[in-house]
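Under the UniProt record's numbering, the first residue of the sequence shown carries the number 1, and numbering increases by one thereafter.
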Amino acid sequence: MTLATEPVINLQQVARTYTGPPAVKALANVNLTVSRGEYVSVVGPSGSGKSTFLNVLGLLDRPTSGRYLLDGIDGAELSERDRTALRGRRIGFVFQAFHLLSHRTAVENVMLPQLYTGMPRKKRRRQALDMLERVGMAHRAEGQAGQLSGGERQRVAIARALVNGPSLLLCDEPTGNLDSETAATVLQLIDELHSQGLSVLVVTHDSGVARRAQRTVMIKDGKLEVQLHAVPAFPEEGP
1 MTLATEPVIN LQQVARTYTG PPAVKALANV NLTVSRGEYV SVVGPSGSGK STFLNVLGLL
61 DRPTSGRYLL DGIDGAELSE RDRTALRGRR IGFVFQAFHL LSHRTAVENV MLPQLYTGMP
121 RKKRRRQALD MLERVGMAHR AEGQAGQLSG GERQRVAIAR ALVNGPSLLL CDEPTGNLDS
181 ETAATVLQLI DELHSQGLSV LVVTHDSGVA RRAQRTVMIK DGKLEVQLHA VPAFPEEGP
């Protein structure tokens, strides 16, 4: 089967248990398929297993049991070095806290994921500038990240996530540190990226953010309970 027809995400009876004592089963026999080009949101109350789910999807944690195929590749069969390389090539991460280097410029931050590609610096810089142009931040390419507004930093973070041409944009509360007006512009950008064919998965406690997706999945007590088109009410996470 070719990459074009493989699901981006294919979880088969995935479980994740943290050793104790006592042992904690954070995910329990989760099954989920996300097709190429799909936009999915993941919701659930605090402590439901969303963070563990995100870590498994991002190849940061290995499942205790079951299989997780990313673009048809089983990460559990790879060495840690190869998993890191797969993560760098196939997944773009966007976090609530941005995780930019404040003393580096916007373009330098976007170039960071390319360090291990073997690409010449001049080409890496050109691609990073192209990504900043794509997210409307070319005019701030030489600005230090620490001097950017929250919305600008998140746009730079999205450019960084896109620079290696990932199969999946994985977002963890991407508007959690933004005011409502700035959040709306960032969500519009994610909508536009999806409309251009990018696969997007957003983990959020905000039902308004979740409703922008084509499909919403709820996690509760480590289990994938239902797959929804309408997002139910659920308790927001604490500070």
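Glycine is no exception: its CB is placed at the ideal position from the N, C-alpha and C atoms.
Looking at the structure shown, is residue 101 part of a helix, part of a strand, or coil, going by DSSP?
coil
One or two residues paired with residue 10 in a DSSP bridge:
33, 69
Residue 19 in three-state terms, based on DSSP
In the structure shown, the three-state DSSP call for residue 19 is coil.
Below 8 Å on the Cβ atoms is my contact criterion, and I expect residue 41 with residue 182 to pass it. Report the Cβ-Cβ distance as a whole number of Å.
Not really, about 19 Å apart at Cβ, beyond 8 Å.
Relative to the C-alpha of residue 178, which candidate in 95, 117, 201 has its C-alpha closest?
Looking at 95, 117, 201, the one whose alpha-carbon comes closest to that of residue 178 is 95.
Considering Cα atoms alone, identify which of 59, 221, 172 is closest to residue 209.
172
Write down every uninterrupted run of the beta strand (DSSP E) in the stretch 135 to 165 whose length is 3 residues or greater and which is fully enclosed by it, in chain order.
Runs found: none.
In whole angstroms, what separates the C-alpha of residue 218 from that of residue 122?
44 Å
What residues in its chain sit with their C-beta under 6 Å from that of residue 59, if we drop five residues either side in the sequence?
75, 83, 87
Between residue 144 and residue 106, what straight-line distance do the alpha-carbon atoms span, to the nearest angstrom?
6 Å
Chain-order list of residues whose beta-carbon lies under 7 Å from that of residue 197 (same chain, five-residue window excluded):
37
Excluding five sequence neighbours on each side, which residues of the same chain lie with their C-beta closer than 8 Å to the C-beta of residue 61?
Same-chain partners within the cutoff: 16, 52, 55.
Please classify residue 219: does DSSP put it in a helix, a strand, or coil?
strand
Can you name, in chain order, every residue of its own chain whose Cβ lies under 6 Å from the Cβ of residue 223, other than the five neighbours on each side?
28
Using the three-state DSSP reduction, which class does residue 132 fall into: helix, strand or coil?
The answer is helix: DSSP assigns residue 132 an H, G or I state.
Please report the straight-line C-alpha distance between residue 14 and residue 65, rounded to a whole angstrom.
Going by the C-alpha atoms only, they are around 6 Å apart.
Where the alpha helix (DSSP H) through residue 86 begins and ends
80 to 90
With burial defined as no fewer than 16 other Cβ atoms inside 10 Å of the residue's Cβ, what is the status of residue 202: buried or exposed?
buried
Any heavy atom of the ligand PLP inside 7 Å of the beta-carbon of residue 220?
With respect to the ligand PLP, the structure shown offers nothing to examine, as it has no ligands at all.
Looking only at its own chain, which residues have a Cβ that is under 6 Å from the Cβ of residue 1, when we skip the five neighbours before and after it?
Its pLDDT being 43, under 50, residue 1 is placed unreliably in this model, and the coordinates cannot settle the point.
Which ranges does the alpha helix (DSSP H) cover as unbroken runs of at least 4 residues, wholly within the stretch 167 to 202, from first to last along the chain?
Runs of the alpha helix (DSSP H) inside the stretch 167 to 202: 180 to 195.
Which of the three DSSP states is assigned to residue 26 in this structure?
strand
Counting C-beta neighbours from all protein chains within 10 Å, is the total for residue 81 16 or more, i.e. buried, or is it exposed?
exposed
Measuring CB to CB, does residue 186 end up less than 8 Å from residue 147?
no
Strictly under 8 Å for the Cβ-Cβ distance: is residue 129 near chain D by that measure?
Although the question refers to chain D, the structure presented lacks it and comprises just one protein chain.
Would you kindly work out how many angstroms separate the C-alpha atoms of residue 68 and residue 141, rounded to a whole number?
37 Å
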